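Numbering (the numbering used here), first residue to last: 0 to 94.
Listed below in structure tokens is the structure:
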């Protein structure tokens, strides 16, 4: 196979990973918009403090971002160490 022809298996894996990431972003955006709508309803109807609602939203969003970032970093470290040292006996190699 010529060098300038892309490997379709790699391209499909990249597209699948991209699709998963896009779904995760959509889910996070949906959760945030749902929390914002609920918070605004509580502020208007329930007399809650809008500042406290925005603080709670910011904390929730930053927590989600940190968790997803750490999950990605964990995957990279796992694949790197597995590639460097090999998978422990009885465990499959990281993909």
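C-beta: ideal position from N, C-alpha, C; glycine also. Just so it is clear, the structure is predicted and the values come from calculations on it, not from any experiment.
Minimum C-alpha distance to residue 49 - residue among 57, 58 and 39: Ranking the options by Cα distance to residue 49, first place goes to 39.
What residues in its chain sit with their C-beta under 7 Å from that of residue 76, if we drop five residues either side in the sequence? Cβ-Cβ distances below 7 Å link residue 76 to nothing in the same chain once the five nearest sequence neighbours on each side are left out.
Are there 16 or more other CB atoms within 10 angstroms of the CB of residue 52, so buried, or fewer, so exposed? Buried, by the Cβ-count rule.
Taking the straight line between their C-alpha atoms, what separation do you get for residue 21 and residue 67? C-alpha separation (whole angstroms): 13 Å.
Classify residue 95 as helix, strand or coil using the three-state DSSP reduction. Because the chain here runs from 0 to 94, residue 95 falls outside it and cannot be looked at.
Give the list of continuous alpha helix (DSSP H) stretches no shorter than 4 residues that lie fully inside the segment 30-84. List check, alpha helix (DSSP H) in window: 49-84.
Given this structure, state the Cα-to-Cα distance separating residue 95 from residue 79, to the nearest angstrom. Because the chain here runs from 0 to 94, residue 95 falls outside it and cannot be looked at.
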